[in-house]
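A short worksheet on the structure shown next.
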Amino acid sequence: MGSFQVELKKWVDDSYEIEIGFGLQQQFIKDIKNGLVGEIKKFAVITDSVVKDLYAEKIYQSLLEQGYTADLFVFEAGEKSKTRKTKENIEDAIEDAMLEKGYRRDCCIIAVGGGVVTDLAGFVAGTFGRGVPFINYATTLLAAADASVGGKTAVDTPLATNLIGIFNQPEKVYLDIATWKTLPKRQISSGLAETIKHACIANKDFFEFLEENIDKILAIDKEACEHIAEENCRIKYKVVMQDEKESGLREILNLGHTVGRAIETVSDYQLLHGEALSIGMVAEVSLAKKLGYVTEEEKNRVIALLEQAKLPVVIPEYIDREKLVKKLYTDKKVKNGQLRFVVQQGIGEIVEYQENNFAIPIEESVAREIIMEMK
Ligand SMILES: NC(=O)c1ccc[n+]([C@@H]2O[C@H](COP(=O)([O-])OP(=O)(O)OC[C@H]3O[C@@H](n4cnc5c(N)ncnc54)[C@H](O)[C@@H]3O)[C@@H](O)[C@H]2O)c1
Ligand SMILES: [Zn+2]
0 MGSFQVELKK WVDDSYEIEI GFGLQQQFIK DIKNGLVGEI KKFAVITDSV
50 VKDLYAEKIY QSLLEQGYTA DLFVFEAGEK SKTRKTKENI EDAIEDAMLE
100 KGYRRDCCII AVGGGVVTDL AGFVAGTFGR GVPFINYATT LLAAADASVG
150 GKTAVDTPLA TNLIGIFNQP EKVYLDIATW KTLPKRQISS GLAETIKHAC
200 IANKDFFEFL EENIDKILAI DKEACEHIAE ENCRIKYKVV MQDEKESGLR
250 EILNLGHTVG RAIETVSDYQ LLHGEALSIG MVAEVSLAKK LGYVTEEEKN
300 RVIALLEQAK LPVVIPEYID REKLVKKLYT DKKVKNGQLR FVVQQGIGEI
350 VEYQENNFAI PIEESVAREI IMEMK
């Protein structure tokens, strides 16, 4: 009998670049030719059925034109595809299809699409052949605002979303703002909810920029959109860098999400994530007002900006508020009858409740009052 110590301390350089611009397909091909992924000559382009015709097909074709081996793997658009089944073994199986086409370890995965594609493809990349490099070519505001920084990849299970996954950093991320022009308006607004959240968390000037430029942003003005893409990355990056594996600080990114996620579920996903988040932000800022961390004026400014972004700010009629409160307080995160809420301090800062603890325990009765008082 004996034991053997396996020494595996490692230092990893997971740095990557996020390129923000208006039409980045040429740049992408140029980077590949210049050795972004070394000697790899084989590319699995993963996309969904909507983005395929809009952008992914072109990227795939240009890889072929440059003499690379490439294949296009397409799954049905929508959150419903973000499952282990899509990853493994239904008709639009990606992994099995890749294996059948002869893909092994010497390939690179290119994710072209929104957060569903980048989450799924990033997860596939992390486990395929025990890990191959991947590149994200993001085509939604939400993917730009949120999914492109942080290295979280995951799929959903029937029980909950994003439960099965890994931390996996891409080789490079492209945020192509020109692609936002084809995004449905509802999707733009939904992505703006995370953007407004970022401003509330970390940057009052950015909040004011949004107040002044929201119409330009909704019309996909190049400069205004490039600015918000950059600012989103900067803010999320700052938080994530300080807290890569999600201990304390990263929690502040959950602003508005406690109520938001509950509404998303209770609405049976009739509301998009950003729409539910918007209502969650209204609940959060109302709580902040009640606790004395924001003024009435600041609260109204947050709500007005969400409205300007064409986001819902009232709880829809069809949602049973009592059910919503119940949903919140049966969550596994409830401790001693209290649920913790991230709360903003004025505009651009978060309340640090205790050292390195950015969420305030709230009694069910207080949360109920907030939810019942909301319009
Ligand atoms: N990994 C993370 O840190 C992180 C963070 C936030 C969200 N997410 C995940 O991201 C997902 C949501 O992202 P999403 O909103 O981008 O979803 P999505 O990928 O489903 O895209 C939304 C819809 O827009 C379509 N679409 C995409 N780009 C388009 C374009 N340029 N023009 C027209 N249509 C286009 C898609 O086909 C889809 O129907 C969720 O699954 C969420 O869990 C992950
Ligand atoms: Zn979110």
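The sequence shown: position 220 = 219 (numbering that gives the first Met the number 0), numbered continuously.
For glycine and all other residues, C-beta sits at the position ideal for the given N, C-alpha and C.
All figures in this text were calculated on a predicted structure; none of them were measured in a lab.
Contact test: residue i Cβ vs ligand 2 heavy atom, cutoff 7 Å
i      : result
Asn78  : Here residue 78 is Glu; the residue named in the question, Asn, does not match the sequence. No, ligand 2 has no heavy atom inside 7 Å of this Cβ.
Asp145 : yes
Leu140 : no
With 16 other Cβ atoms within 10 Å as the buried cut-off, status of residue i
i      : result
Lys332 : exposed
Asp118 : buried
Asn167 : buried
Thr181 : exposed
Lys51  : buried
Arg260 : buried
Glu90  : With a pLDDT of 47 at Glu90, under the threshold of 50, the modelled position of that residue is not reliable, and no figure is offered here.
Gln269 : exposed
Heavy atom of ligand 1 within 7 Å of residue i beta-carbon
i      : result
Gln186 : yes
His272 : yes
Thr152 : yes
Residue i - DSSP class collapsed to helix/strand/coil
i      : result
Pro154 : For the sequence presented, residue 154 should be read as Val rather than Pro. Strand, per DSSP.
Glu193 : helix
Glu170 : coil
Val111 : strand
Gln241 : helix
Thr138 : coil
Lys41  : strand
Gln60  : helix
Gly164 : strand
Ala146 : helix
Asp12  : coil
Lys334 : strand
Asn299 : helix
Glu90  : In this predicted model, Glu90 has a pLDDT of only 47, less than 50, meaning its place in the structure is not dependable enough to derive any value.
Arg339 : strand
Asn356 : strand
Ile361 : strand
Glu294 : The displayed chain sequence assigns Thr, not Glu, to residue 294. Thr294: coil per DSSP, three-state reduction.
Glu211 : helix
For residue i, the residue or residues it bridges with in DSSP
i      : result
Val258 : Looking at the DSSP assignment, Val258 forms no beta bridge with any residue, so it has no partner.
Thr46  : Val73 and Val111
Pro315 : Answer is none; Pro315 lacks a bridge partner.
Thr82  : Asp155
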